[in-house]
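Participant:
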Amino acid sequence: MLTLMRSVSYRGAKNFLIFSVIRTLSSTSVTNATAGGEGWLSKLLHVRKIEPTKDSHSKLLSDTEKIYELQIHDVKPDLIEPYLKGYEAFSQKLHQKSEPAELVGSWRVEIGNQDQFVHIWRYNRGYVNANQVLTLCREDQELNALSKDLVKNIISRNSQYMLPFSFWGDPEPQNRNSMYEMRSYVLKPGTMIEWGNNWARGINYRKSSAVAGFFSQIGQLYMVHHIWTYKDLLSRKEIREAAWRKPGWDECVAYTVPLIREMRSRWLRPTSFSPIK
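Every letter in the sequence shown is one number past the one before it in the UniProt record's numbering, and letter 234, counting from 1, is 234.
#1: Return the Cβ separation of Arg157 and His73 in integer angstroms, given the expectation that the two are a contact with Cβ distance under 8 Å.
#2: Using a threshold of 9 Å, state whether the C-beta atoms of Gln132 and Glu69 are closer than that.
#3: Considering only the alpha carbon of each residue, which of Pro171, Ser216, Gln220, Glu65 lies closest to Ser209?
#4: What residues in its chain sit with their C-beta under 7 Å from that of Ala89, if we drop five residues either side in the sequence?
#5: Let me know if Ser106 comes out buried or exposed under the rule of 16 or more other beta-carbons within 10 Å of its beta-carbon.
#6: Any contact between the stretch 237-251 and the stretch 176-185? By contact I mean 3 or more CB pairs, one from each, below 8 Å.
#7: What is the rounded straight-line gap between the Cα of Ile218 and the Cα of Trp244?
#8: What residue ranges within the UniProt domain "NIPSNAP" (68-167) form continuous alpha helix (DSSP H) runs of no fewer than 4 residues, ordered along the chain?
#9: Taking the straight line between their C-alpha atoms, what separation do you get for Thr64 and Gln114?
#10: Helix, strand or coil for Thr256, going by three-state DSSP, please let me know.
#11: Should Val151 and Trp267 be called a contact, given that it needs their Cβ atoms to be closer than 9 Å?
#12: Just how far apart, CA to CA, sit Glu143 and Val75?
#13: Would you identify the three-state DSSP class for Gly190, choosing helix, strand or coil?
#14: My understanding is that Val186 touches Met223, with C-beta atoms under 8 Å, so please give their C-beta distance in whole angstroms.
#15: Does the beta-carbon of Gln116 have 16 or more other beta-carbons within 10 angstroms, so that it is buried, or is it exposed?
#16: Would you mind giving the Cβ-Cβ distance between Gly213 and Pro164, rounded to the nearest angstrom? I have them listed as a contact below 8 Å.
#17: Do His119 and Ser184 have their beta-carbon atoms positioned less than 9 Å apart in this structure?
#18: Kindly list the residues whose CB is nearer than 7 Å to the CB of Tyr230, restricted to its own chain and excluding five residues on each side of it in sequence; keep chain order.
#19: Who are the near neighbours of Glu262 in its chain, counting only those whose CB is closer than 8 Å to its CB and skipping five residues on each side?
#20: Would you kindly work out how many angstroms separate the C-alpha atoms of Glu251 and Gln92, rounded to a whole number?
#21: Per DSSP, Tyr180 forms a beta bridge with which residues?
#22: Go ahead and label Thr256 buried or exposed: buried means 16 or more other beta carbons lie within 10 angstroms of its beta carbon, across all protein chains shown.
#23: Taking just the CA atoms, how far does Lys246 sit from Arg122?
#24: Please name the residue in Ala130, Ile154, Gly112 whose C-alpha comes closest to that of Lys85.
#25: Cutting at 6 Å between CB atoms, please list the residues of its own chain near Ser9, excluding the five before and the five after it.
#26: Output the boundary residues of the beta strand (DSSP E) element that contains Phe215.
#27: What's the gap between the Cα of Lys97 and the Cα of Ile193?
#28: Based on the DSSP output, what are the partners of Ile276 in its beta bridges?
#29: If distances are taken between C-alpha atoms only, which option among Arg264, Ile260, Ser166, Gln174 comes closest to Leu60?
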């Protein structure tokens with residue numbers, strides 16, 4: 001590889017510097033691999049082959065029939081208060097009429113897409129409950145009236161049906177008086193198993209701040225959402241930096257970064273009626 005690099009013609013000191021850096025990185029990677037381990041560059045550029053399987057990815061990554069619905073609402077800035085009152089009324093009425101429909105968490109985005117709200121619902125009997133709720137929202141007059149009042153405050157809406165990663169478990173009501181971060185990733189098609197394999201190990205390095213992990217089934221596909229809890233922004237910084245000092249965390253990052261097409265982070269504050277605070 002070094003011989004090939006030397007044979008490439010280049011112009012000026014800038015190009016020489018670029019090729020020198022490439023040779024240095026290449027040499028380091030080769031040396032580390034020869035010593036018995038993969039170099040950082042090799043890990044970052046390497047996506048391991050996924051073996052064929054007769055089971056769906058969903059069955060391999062999740063061990064529950066529960067379905068979660070993610071709702072994201074962009075709200076008119078001057079109508080935040082009526083929106084919150086309307087959504088609380090709607091969620092209470094929906095739970096009264098369909099007990100299996102359970103609001104898991106409700107947050108307002110403080111950093112990221114401002115005037116945006118994130119809600120997560122759980123359907124304990126999976127698509128059976130999800131179908132019941134869709135029919136109820138379409139046909140019930142009370143819910144229809146509440147929904148019509150609610151959408152007057154909304155600019156746009158988006159939803160996904162998701163499954164929880166088995167190694168995260170199910171999010172439960174809690175009152176930590178905390179802030180939350182939702183990190184969302186769009187993965188390359190065919191890499192979900194690889195993501196799950198690496199995070200099944202990686203989650204152990206940050207278990208204390210982990211709240212929930214999901215992957216999409218309907219809506220935007222090959223999308224993953226991880227939710228973390230922190231006391232504040234400084235706590236987030238300290239916890240994330242501490243993970244890098246633990247042997248093995250760097251490998252989780254190195255093997256999952258090449259799987260990502262797009263990513264974003266939302267800093268969240270729970271609403272007054274959120275079961276997770």
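In this text, a Cβ means the ideal position worked out from N, Cα and C, and glycines have one as well.
Facilitator: Reading it off the structure:
#1: Within the sequence shown, residue 157 is the residue found at index 157, counting from 1. Within the sequence shown, residue 73 is the residue found at index 73, counting from 1. Sure, about 5 Å apart at Cβ, within 8 Å.
#2: For the purposes of this step, residue 132 is identified with residue 132 of the sequence shown, where counting begins at 1. For the purposes of this step, residue 69 is identified with residue 69 of the sequence shown, where counting begins at 1. A distance of 9 Å or more separates the beta carbons of Gln132 and Glu69.
#3: Counting from 1 along the sequence shown, the entry for residue 209 is found at position 209. Distances from the CA of Ser209 to each of Pro171, Ser216, Gln220, Glu65 were compared; the closest alpha carbon is that of Pro171.
#4: Translated into the one-based positions of the sequence shown, residue 89 becomes position 89. So the list reads Leu146, once near-sequence residues are dropped.
#5: Counted from its first residue, the sequence shown places residue 106 at position 106. So Ser106 ends up on the buried side.
#6: no
#7: As a position in the sequence shown, residue 218 is number 218, starting the count at 1. As a position in the sequence shown, residue 244 is number 244, starting the count at 1. Between the alpha carbons of Ile218 and Trp244 lies a gap of roughly 34 Å.
#8: Qualifying alpha helix (DSSP H) stretches, in chain order: 80-97, 127-139, 141-151.
#9: The residue you call residue 64 lines up with position 64 of the sequence shown. The residue you call residue 114 lines up with position 114 of the sequence shown. Rounded to whole angstroms, Thr64 to Gln114 spans 33 Å at the Cα level.
#10: Position 256 of the sequence shown holds residue 256. Helix at Thr256.
#11: Within the sequence shown, the letter at position 151 stands for residue 151. Within the sequence shown, the letter at position 267 stands for residue 267. In this structure, Trp267 does not lie closer than 9 Å to Val151 by Cβ.
#12: Position 143 of the sequence shown holds residue 143. Position 75 of the sequence shown holds residue 75. According to the sequence shown, residue 143 is Leu rather than Glu. Computed Cα separation, rounded: 20 Å.
#13: Within the sequence shown, residue 190 is the residue found at index 190, counting from 1. Gly190: coil per DSSP, three-state reduction.
#14: In the sequence shown, counting from the first residue as 1, residue 186 sits at position 186. In the sequence shown, counting from the first residue as 1, residue 223 sits at position 223. The Cβ separation is near 5 Å, so the contact holds.
#15: In the sequence shown, residue 116 corresponds to position 116, counting from 1. Result: buried.
#16: Counting from 1 along the sequence shown, the entry for residue 213 is found at position 213. Counting from 1 along the sequence shown, the entry for residue 164 is found at position 164. Indeed they touch by this definition, with Cβ atoms about 7 Å apart.
#17: By one-based count along the sequence shown, residue 184 stands at place 184. By one-based count along the sequence shown, residue 119 stands at place 119. Not a contact, by the Cβ cut-off of 9 Å.
#18: Counted from its first residue, the sequence shown places residue 230 at position 230. Around Tyr230: Ser178, Met179, Glu181, Ser209, Arg236, Ile239.
#19: Here residue 262 refers to the residue found at position 262 when the sequence shown is read from its first residue. Excluding sequence neighbours, Glu262 sits near Tyr185, Val186.
#20: Start at 1 with the first residue of the sequence shown, and residue 251 comes out as number 251. Start at 1 with the first residue of the sequence shown, and residue 92 comes out as number 92. If I take the Cα positions, the gap works out to 44 Å.
#21: For this step, residue 180 is matched to residue 180 along the sequence shown. The secondary-structure analysis by DSSP pairs Tyr180 across a beta bridge with Thr229, Leu268.
#22: Mapped onto the sequence shown, residue 256 falls at position 256. Burial call: buried.
#23: Against the sequence shown, residue 122 aligns to sequence position 122. Against the sequence shown, residue 246 aligns to sequence position 246. Answer to the nearest angstrom: the Cα atoms are 34 Å apart.
#24: Within the sequence shown, residue 85 is the residue found at index 85, counting from 1. The shortest Cα separation from Lys85 among Ala130, Ile154, Gly112 belongs to Ile154.
#25: Translated into positions along the sequence shown, residue 9 becomes position 9. Confidence at Ser9 is low in this model, with a pLDDT of 41, below 50, so its placement is unreliable and no value can be given for it.
#26: Position 215 of the sequence shown, counting from 1, holds the residue named residue 215. That run of the beta strand (DSSP E) goes 210-218.
#27: On the sequence shown, residue 97 is found 97 positions in, with the first residue counted as 1. On the sequence shown, residue 193 is found 193 positions in, with the first residue counted as 1. Approximately 37 Å, taken between the alpha carbons.
#28: For this step, residue 276 is matched to residue 276 along the sequence shown. Note: Ile276 is bridge-paired with Gln174 in the DSSP secondary-structure output.
#29: Walking along the sequence shown from the start, residue 60 turns up at place 60. Cα-wise, what sits closest to Leu60 is Ser166.
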